[in-house]
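S.K.: I have a structure here, written as structure tokens, and I will follow up with some questions on it.
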Amino acid sequence: MSKYWSDLTKRLAPYDLIEGLERVKNSFNSYTLDRLSLAGAAAALKDENYFRETCRNVIRTREWTVKQLEELGCSVIESKANFVMMTHPEIPAKRLFEELREHGILVRYFAQPRIDNYLRVSIGTDEEMKQFIDAVRKIGGII
């Protein structure tokens with residue numbers, strides 16, 4: 001029944017209103033999940049070998065990334081997650097965030113007290129993290 005009402009609403013409401021509501025809804029939850037994503041996640045969790053191997057890869061790549069950042073003089077908050085919080089010794093986080101974006105690298109910046117000089121960096125593939133480190137080096141004038 002809810003699908004019926006959703007479709008009906010989309011036909012009756014002005015497009016800009018629906019588009020605006022969708023944008024606002026998704027801005028609160030940047031990790032929206034559709035049925036396909038949920039099905040893939042459920043399948044991945046059932047495959048214990050895949051799950052364990054993926055965890056090992058994230059840990060290995062995270063440890064490599066932290067080591068590289070620390071060698072650049074960055075401070076990194078200890079993490080057991082699939083992301084790290086880091087700060088550069090000379091470049092303010094907001095500027096580093098903007099310059100990384102210019103290099104096509106997306107990280108999260110929070111303009112909030114106590115974390116406004118940190119970036120949240122999700123751990124990606126080995127290649128993605130090498131590109132991230134290379135960009136930090138270039139922005140910091142090391143390359």
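The sequence shown begins at 1 in the UniProt record's numbering and counts up by one.
The beta carbon of each residue, even a glycine, is placed where N, CA and C say it ideally should be.
#1: With a CB to CB cut of under 6 Å and the five nearest residues on each side skipped, what residues in its chain are close to residue 62?
#2: Go ahead and label residue 55 buried or exposed: buried means 16 or more other beta carbons lie within 10 angstroms of its beta carbon, across all protein chains shown.
#3: Please identify the residue among 51, 112 and 102 whose C-alpha is closest to the C-alpha of residue 138.
#4: Pull up the CB-CB distance for residue 97 and residue 119, whole angstroms please, since I reckon it's below 8 Å.
#5: Taking only three categories from DSSP, how would you classify residue 61?
#6: Does DSSP put residue 66 in a helix, a strand or coil?
#7: In angstroms, rounded to a whole number, what distance separates the CA positions of residue 134 and residue 104?
#8: Going by C-alpha distance, which of 60, 17 and 136 is nearest residue 91?
#9: Need the endpoints of the beta strand (DSSP E) that residue 83 sits in, please.
#10: Comparing C-alpha positions only, which one of 142, 80, 141 and 113 sits nearest to residue 121?
#11: Quick one, which of 58, 45, 20 and 53 has its alpha-carbon nearest residue 126's?
#12: Whole-angstrom Cβ separation of residue 88 and residue 140, contact assumed at under 8 Å?
M.R.: Short version:
#1: For residue 62, where only same-chain residues beyond five positions count, the Cβ hits under 6 Å are 123.
#2: With fewer than 16 Cβ atoms within 10 Å of its Cβ, residue 55 is classed as exposed.
#3: By alpha-carbon distance to residue 138, the top candidate from 51, 112 and 102 is 102.
#4: Contact holds; Cβ gap of about 6 Å.
#5: In the three-state reduction of the DSSP assignment, residue 61 falls in the helix class.
#6: Helix, per DSSP.
#7: One C-alpha to the other measures close to 12 Å.
#8: Closest by alpha carbon: 136.
#9: Taken as a continuous stretch (DSSP letters only), the beta strand (DSSP E) holding residue 83 covers 83-87.
#10: Nearest option by C-alpha distance: 80.
#11: Closest option to residue 126, Cα to Cα, is 58.
#12: About 7 Å separates the two Cβ atoms, so the contact holds.
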